[in-house]
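This report concerns only the one structure given below.
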Amino acid sequence: MKGFVFQEVWVLALLGGIPFLWWVFGYARRKRESARSMIGGESQGKSSAAWRDWAWLGVYSLLAVALARPGYDPSRMSTSVAGRDVVFVLDVSRSMLAQDAYPSRLEAAKQGIRDCLEGFSGEQAALVIYAGSSSISCPLTADYEFLSYMLSQTQTRSVDFGGTLLLSAIEKVVDQVLDEKRRGYQDLVILTDGEDFGPEMSRVKELTQEKGASLLVVGLGNPEKGATIPVVLDSGEMGRLQHKGEVVYTRLEADSLKELVVADPNSEYYEAGTSPFFLGEVYRDFVADKEISDTGGDSVYIVYQEGAFWLMPFALGLALLAINGWPRWAGRASLGAFICLILDEGGLGAQEGRPPTFEVAVEMFESSDFKEASIVFGELHEEALEEGALSLEGLSALSFNEGFCLELRSLETKVESTALALDYALSARESFMRSLRENPAQREAIARLEGLFLLIGELERKLEEEEEERRKQQEQIQSLLERLQVLLDKQLSLRGEVAELDISRRSNPSKSQTMYDKTVAERKANAAELPKKQGELLGEGEGIYTDMKKLDTDLKELEVASGRAVSANIETVMATPMVLMSEALDAKMLARGELADSQGWPKARGFQTKAVEKIKEILDLFASDESEGDDYEGWDDDWDEDSSSDGGGGVPSSMAMEGDLRANSLMQPLPVPNFSVEDILLEEMGNQQFRQEKRAEANAGKVEKDW
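Numbering of the sequence shown is given in this note's numbering, commencing with residue 9 and proceeding in unit increments.
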C-alpha cells in the first residue's frame with residue numbers, strides 16, 4: 009500500500025497544456041499592446057505582463073494537481089451488510105377494497121408494508137401482487153424508496169384478471185424472485201383476506217418448502233361478519249358490487265390461511281382482522297430466532313487523506329496576485345499580513361469593488377463589447393479625476409476612448425433601435441466634447457465629431473419618420489375601432505328587430521281580422537328587408553376587414569424597415585383581430601341566408617349573436633385599462649336577451665390581453681409550457697394505470713367471481 013498516490017492520475021494530463029497556454033498568453037500580450045497603441049494608451053512593458061502570465065500558469069498547474077486528488081496516510085476500511093430476503097406478496101383482488109379494516113383492507117396492507125420497510129436496514133425486499141393473475145412490481149432490492157413508490161402505484165386493477173389465485177403468485181416468486189443460494193434466508197409475507205384461493209392450495213406449501221422459504225401469512229378483514237365491496241357504477245356514483253343481481257359480501261377466510269402454515273415450524277399465521285396493526289413489529293418477532301446472513305458480502309476499500317486542500321490556498325494567492333498586481337502587495341511582505349487581508353471582512357470585498365483597470369477596458373474593446381468598455385473607460389476617468397492621478401492629456405485620452413466605444417455601439421444598435429442608437433450617439437458626442445475641453449489639441453476627437461454629427465442628424469430624421477408612421481397607424485387603428493363600434497351597434501339593432509318580428513310572427517290572431525291581416529302584411533314587408541339589411545352590414549364588415557389586411561401589411565413593412573424584424577413573416581397587432589373579423593363575417597353571411605325564411609330567424613339570431621361577440625372581442629383586445637368596462641356597459645344584458653333560442657356562441661375574450669395590443673407593435677409571444685419531467689412522468693403513470701384498468705375490466709368477463 010503506497011503512502012502517497014494520485015487518486016485521479018489521468019487528470020495530470022492537463023499539465024501538457026501548459027506550453028499551449030504560454031503561447032496563447034504571448035499572443036494576447038501582443039494583441040493588447042497593438043490595441044493600446046491604437047487608442048492612445050501607454051505601453052505596459054513586457055516584464056510587467058509576463059509575470060502575470062506566469063502567475064496564471066501557476067494557478068492552472070496547482071488546480072490540475074489538485075484535481076488529480078493527491079492522497080496520503082492511507083487506511084483500510086470494510087463494510088458488511090447482513091439481512092434476509094423478504095418478498096411481500098400482496099392480494100390486490102377487489103375484495104381487498106372492503107372497508108371493514110380502515111380505510112380499506114388493501115390500504116391497511118400497504119401501510120403495513122411501509123411500516124415494515126422503515127425498520128429494514130440490510131434486508132433486500134421485493135413486491136409481488138396478485139389477484140386472478142400475478143405480477144412482479146419490484147424485484148429484490150435494497151432501494152426501499154423505489155419499492156415504496158411501486159407500492160403507492162398498486163391498485164386493484166394492477167393485474168389483468170380478477171379473483172384470488174395465490175398459487176399464481178407463489179409460482180412466480182419461486183421461479184423468478186427467490187435465489188437458491190440464499191436458501192434458508194428468505195421470507196414470504198403474504199397479505200390477503202383469503203377469499204376464494206382456488207384449487208391446489210397444497211401446492212403452495214410444497215413450493216415454499218422446496219425453496220426453504222418461511223411464510224408469514226397476514227389475514228385482513230372480519231372473519232365472521234361479511235363486508236360489501238364499494239365500486240364506481242356506470243353513472244359515476246359509488247355503489248356496492250353485485251353478482252347475479254345480489255350484493256356480494258366478503259369476509260376473512262381464516263381457516264384456509266391457517267392451512268398454509270400448519271405443520272411448518274418456520275411459518276406463522278397472524279390475524280390482523282379489522283384492527284390497526286404494526287407489521288414491522290410482527291415481522292421482527294417472526295424472524296427473531298432465524299439466522300441472518302450477509303446479503304452483499306464484505307467490501308474492503310482504502311481511504312486516503314485528501315491533499316488537494318493544501319494546494320488551494322496557494323492557487324488562490326497566485327490568482328489574487330495576478331488580478332490585483334504585485335505593486336499592491338509589495339507593502340505586505342509577510343504571509344501573516346496576507347492572511348489578515350483575506351480574513352478581513354471588508355478587505356476582499358473592497359478589492360472586488362475596485363474600479364476595473366485599463367487592461368480590462370482594452371480586452372472588452374478587443375472582444376467588441378463596446379457598451380461595457382465605454383462604462384469602464386468612464387469609471388476610469390472619474391477615478392483618475394478624483395485622485396488627480398493623470399494629466400489633462402491622459403484624461404482626454406480616456407474621454408476619447410469612451411466616446412469612440414459609444415459611437416461604435418451606436419452603429420451596432422442602429423439596425424435594432426433608432427432611439428437607442430441616437431442615445432448612444434449623443435453620449436458619444438458629449439464624451440468627444442469633454443475630450444476636447446481637456447485637450448484642445450486632440451485631433452482624433454475633432455475627426456470623430458465630424459462624422460458623428462452626420463450620424464446624429466440621420467438618426468434624428470429616421471426617428472421622426474418612424475414616429476410619424478406610428479402616429480398614422482395609430483390613427484388608422486382608432487378609425488377602425490370607431491367603424492367597428494358603429495357596425496356593432498347596427499348589428500345589435502338588427503338582431504333586436506329580428507327578435508321582435510319573430511315574436512310577432514308567433515303571436516295569436518287579434519279579434520279584428522282586418523287588423524291582423526294588416527299586421528301580417530307589415531311584417532312580411534319588414535321581413536323582406538331583413539336579408540338586405542344584413543347584407544349591407546356584411547359589406548361594411550368586409551370593408552373593415554380589407555382595411556385591416558392593408559394595415560397589417562403596413563405594420564410588417566415598418567418592422568422590417570426599422571430593423572426589428574428580418575422578414576415580413578411576422579405577426580402584428582392585427583393578426584388576431586383579422587381572424588376574429590373573418591369569423592364575424594362568416595357568421596353574418598350565414599345569418600343573411602337564414603333571414604330569407606321566417607323559419608330560420610331563430611338560427612339567424614344565433615349567427616348574429618356570434619358576429620356581435622367576435623366584434624366585441626376585437627374591441628376588448630384594443631381596450632385600454634382605464635376604459636375597461638366603461639365603453640361597452642350593458643352589452644351583456646343585450647346579449648342575454650333571447651339566449652334560449654340563440655344557436656350561436658362565441659369564445660369569451662381573453663381579459664389578460666387587454667391593453668397589450670395597443671402598446672405593442674408586435675403580438676406578445678406565447679408562454680413557454682411549464683411542464684417539468686415529473687409532471688410528464690406522472691401523466692404517463694396515470695395513463696398506464698388507466699390502460700391497466702381498462703384491460704382488467706375487459707378480462708373481468710372471463711372470470712366468474714371477479715373479486
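Just so it is clear, CB atoms sit at the ideal spot from N, CA and C, and this is done for glycine as well.
Query	Result
Pick out whichever of 64, 330, 69 has its Cα sitting closest to the Cα of residue 19.	69
What's the gap between the Cα of residue 191 and the Cα of residue 301?	10 Å
With 16 other CB atoms within 10 Å as the buried threshold, where does residue 454 fall?	exposed
For residue 305, which residues in the same chain have their Cβ closer than 7 Å to its Cβ, ignoring the five residues on either side in sequence?	Because residue 305 sits at a pLDDT of 48, beneath the cut-off of 50, its placement in the model cannot be relied upon, and the following sentence gives the value as read from the coordinates. Hits under 7 Å: none found.
Go through its chain and collect everything with a Cβ distance to residue 17's Cβ below 8 Å, but skip five positions before and after it.	76
Of the residues 185, 60, 149, which one's Cα is nearest the Cα of residue 329?	60
Specify the secondary structure class of residue 147 as computed by DSSP and reduced to three states.	strand
Assuming the contact rule is C-beta atoms closer than 8 Å, residue 566 and residue 477 should be a hit. Round their C-beta distance to whole Å, please.	6 Å
Scan the region 200-260 and note each continuous alpha helix (DSSP H) run of 4 residues or more that stays entirely inside, going in chain order.	209-218
Looking at the strands, I want to know which residues DSSP matches up with residue 84.	310
Identify whether residue 140 lies in helix, strand or coil by the three-state DSSP scheme.	coil
Can you check which of these residues, 140, 114, 152, is closest to residue 131 by C-alpha distance?	152
Per DSSP, which one or two residues make a beta bridge with residue 78?	14
For residue 93, does the three-state DSSP call read helix, strand or coil?	strand
Can we say the region 406-415 touches the region 451-470, given the rule of at least three CB pairs closer than 8 Å?	yes
Leaving out five residues on either side along the sequence, give the residues of the same chain with a beta carbon under 6 Å from the beta carbon of residue 548.	495
Who are the Cβ neighbours of residue 244 in its own chain at under 8 Å, not counting the five residues just before and after it?	none
Do residue 312 and residue 15 have their C-beta atoms within less than 8 Å of each other?	yes
Assign residue 246 to one of two classes, buried (16 or more other C-beta atoms within 10 Å of its C-beta) or exposed (fewer than that).	exposed
Where does the unbroken beta strand (DSSP E) through residue 153 begin, and where does it stop?	Where residue 153 is concerned, there is no enclosing beta strand (DSSP E), although the alpha helix (DSSP H) it sits in stretches over 152-160.
Whose CA, out of 376, 90, 268, lies closest to the CA of residue 197?	268
Between the Cα of residue 3 and those of 27, 380, 443, 438, spot the shortest distance and give me the residue it belongs to.	An answer regarding residue 3 cannot be provided, because it is not within the stretch 9 to 715 covered by the chain.
Hey, out of 227, 284, 210, 318, whose CA is closest to residue 271's CA?	210
Tell me the DSSP bridge mates of residue 276?	224
For residue 407 and residue 424, what's the separation of their Cα atoms in angstroms?	26 Å
Just confirm the distance between the C-beta atoms of residue 199 and residue 156, as a whole number of angstroms; I'd bet it's less than 8 Å.	Going by Cβ atoms, the distance from residue 199 to residue 156 rounds to 15 Å, so no, they are not a contact pair.
Excluding five sequence neighbours on each side, which residues of the same chain lie with their C-beta closer than 8 Å to the C-beta of residue 24?	none
In whole angstroms, what separates the C-alpha of residue 64 from that of residue 28?	13 Å
Decide if the region 90-105 is in contact with the region 133-143; the criterion is three or more beta carbon pairs, one per stretch, under 8 Å apart.	yes
According to DSSP, is residue 301 part of a helix, a strand, or is it coil?	strand
Apart from the five residues just before and just after residue 299, which ones in its own chain have a Cβ nearer than 7 Å to its Cβ?	192, 193
Sorted by chain position, which residues of the same chain lie with C-beta nearer than 7 Å to residue 142's C-beta, five sequence neighbours on each side aside?	136, 167, 176, 177, 180
From the DSSP output, read off the bridge partner residues of residue 133.	94, 149
In chain order, what residues of the same chain have a beta carbon less than 8 Å from the beta carbon of residue 498, not counting five sequence neighbours either side?	545, 548
Taking the continuous alpha helix (DSSP H) assigned at residue 421, which residues delimit it?	400-421
Among 111, 618, 613, which residue has its Cα nearest to the Cα of residue 593?	618
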